[in-house]
Structure formats: C-alpha cells, structure tokens
Amino acid sequence: GAVVSQHPSRVICKSGTSVKIECRSLDFQATTMFWYRQFPKQSLMLMATSNEGSKATYEQGVEKDKFLINHASLTLSTLTVTSAHPEDSSFYICSARYPRTGVYEQYFGPGTRLTVT
Amino acid sequence: GNSVTQMEGPVTLSEEAFLTINCTYTATGYPSLFWYVQYPGEGLQLLLKATKADDKGSNKGFEATYRKETTSFHLEKGSVQVSDSAVYFCALSVTGNQFYFGTGTSLTVIP
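Protein sequences appear in the order of chains W and C. Numbering of the first sequence is given in the working numbering, commencing with residue 1 and proceeding in unit increments. Numbering of the second sequence is given in the working numbering, commencing with residue 118 and proceeding in unit increments.
Now the structure itself:
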C-alpha cells in the first residue's frame, strides 16, 4: 500500500514552454502533498506544500508564479513549470502525507527528470 | 530550529562488511525520525522509522535506534550486499508536514 506515482518520469522541453507534472496517490487519499526539487548529488529541497482545495504554501525563495501547483482532488496534485528555462532542469519529486493521525510518514513518487533545452 | 546532519560520503564497502551511517539532529519539539533510501534515477523509499525515544526501526536488515540523549539515529547493517548500493537520507519531522532531510550519504558496495 501507500503508493505514489508521478507522470511523466522524464520530460525534455524547449526553453519558454510550460511543463506539467502529475503526482497521484494510488491507494490512499492525500489531503496534503509536497513538491521537492533535487539537484545532482544533493538533498531534497522542499518547494511547496499542496493542500487539497486550497492554495499551495510555497517555501521562501520559490517563485509561485513560475511553479504553479494545483491540488484539485484527494489523489492528484500537479506542478506546472511555466516558461521553463535551462536552470529549471532538475529532478522533481512529490510526496504524499499518509492520512493517519499521529503517523508522520510521507510516501514519495519516483520523481520526474526535467530537462530544458 | 530543526536540522539533520549526516556523515558525508561517499562510502565504499566490500560485500558482507558492517555499515554505519551517522545521523544527528536538532529539533524543536519531539520529532519522528526516518531513514529513506534512493536508488539511482528513482524517488525516495521509506526504509525505516522511529517515533519516540528508544524506539528501534528495522527493515531489510537495517536498523536505527532513536537516541534522545545523544540526538542521534545512526543507520546500521551487519552485512551489506551489492544491492544495498544507493543514497541514504536521514530525515526528521515534528509536525508531519515539514520534513528536514540530511544531505544524503552515497553507499557503494563492491563484490
């Protein structure tokens, strides 16, 4: 149980275009999902917290107009990288908080490798 | 504040060697502690966790004990295999929302 999927796993786009990444909790409902960014050989950097039915909460330094997050249902959150540039190339990972009181677990998706050319 | 410090890698071991990856933390409140593993090109998988002091998390031969007195959560395995080669992340969470990750420790096990 507690499986999180991401789509696509890899995407290559041209500079200036927008890319949407989907994150789904497959066998549980997640009111809260998280988006992370990981640079090569570095740790995960939390970008934003996505709450179902409300606006996402962005971490300091993350451009909310560039990284649009939508959490329209209890099993789906999307991250749209708008007007992508080469410096946005990275590994994006989502996670979903398991909805059990007192259980602080996050289950991670397999990640999406974004390359902007 | 909340933070996690991991021993820097990379770590290279021979198969069947003993593994220790050190992790210490600082936290406001009472954190839950986690070890995640990331295989090449993949996302993170929960390896084990502990939610209170003196708890021992264990999975797939890996163990870690929540030591409040030393604020540590060191990962150990008695006999590593080539398939254990991956990056290991120590993490903590106080609220269940914000997770704080260490910088990761790369492990390579050679036959």
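Where is the CB? At the ideal position from N, CA and C, for every residue including glycine.
Bridge partners of residue 166 of chain C, per DSSP? Position 49 of the second sequence holds residue 166 of chain C. Answer is C:151.
Rounded to a whole number of angstroms, what is the C-alpha to C-alpha distance between residue 53 of chain W and residue 72 of chain W? Within the first sequence, numbered from 1, the residue matching residue 53 of chain W stands at position 53. Within the first sequence, numbered from 1, the residue matching residue 72 of chain W stands at position 72. Approximately 6 Å, taken between the alpha carbons.
Would you identify the three-state DSSP class for residue 77 of chain W, choosing helix, strand or coil? The residue labelled residue 77 of chain W in the question sits at position 77 within the first sequence. Strand at residue 77 of chain W.
Rounded straight-line distance, which links the Cα of residue 57 of chain W to that of residue 81 of chain C: Any answer about residue 81 of chain C is impossible in this case: the structure gives chain C only from 118 up to 228.
Residue 204 of chain C classed as buried or exposed, judged by whether at least 16 other C-beta atoms fall within 10 angstroms: As a first step, residue 204 of chain C is located in the second sequence; it is residue number 87 there, counting from the start. With 16 or more other Cβ atoms within 10 Å, it is buried.
In chain order, what residues of the same chain lie with their CB nearer than 7 Å to the CB of residue 220 of chain C, ignoring the 5 residues before and after it? For the purposes of this step, residue 220 of chain C is identified with residue 103 of the second sequence, where counting begins at 1. Closer than 7 Å at the Cβ level, and outside the excluded window around residue 220 of chain C, lie 123.
Could you list which residues in chain W have their beta carbon closer than 9 Å to that of residue 165 of chain C, in chain order? Residue 165 of chain C sits at position 48 when you count from the first residue of the second sequence. Correct list: empty, because the minimum Cβ distance to chain W is about 11 Å.
Residues of chain W with CB under 8 Å from residue 133 of chain C, in chain order? Here the question's residue 133 of chain C lines up with position 16 in the second sequence. Residues of chain W passing the Cβ test: none, with the nearest at roughly 27 Å.
List the whole-angstrom C-beta distance separating residue 20 of chain W from residue 78 of chain W, where the pair is believed to meet the contact cut-off of C-beta under 8 Å. To locate residue 20 of chain W, count along the first sequence from 1; it is residue 20. To locate residue 78 of chain W, count along the first sequence from 1; it is residue 78. 6 Å between Cβ atoms; contact.
Verify whether the separation of the beta carbon atoms of residue 95 of chain W and residue 109 of chain W is less than 8 Å. Working through the first sequence from its first residue, we reach residue 95 of chain W at position 95. Working through the first sequence from its first residue, we reach residue 109 of chain W at position 109. Contact flag set, yes.
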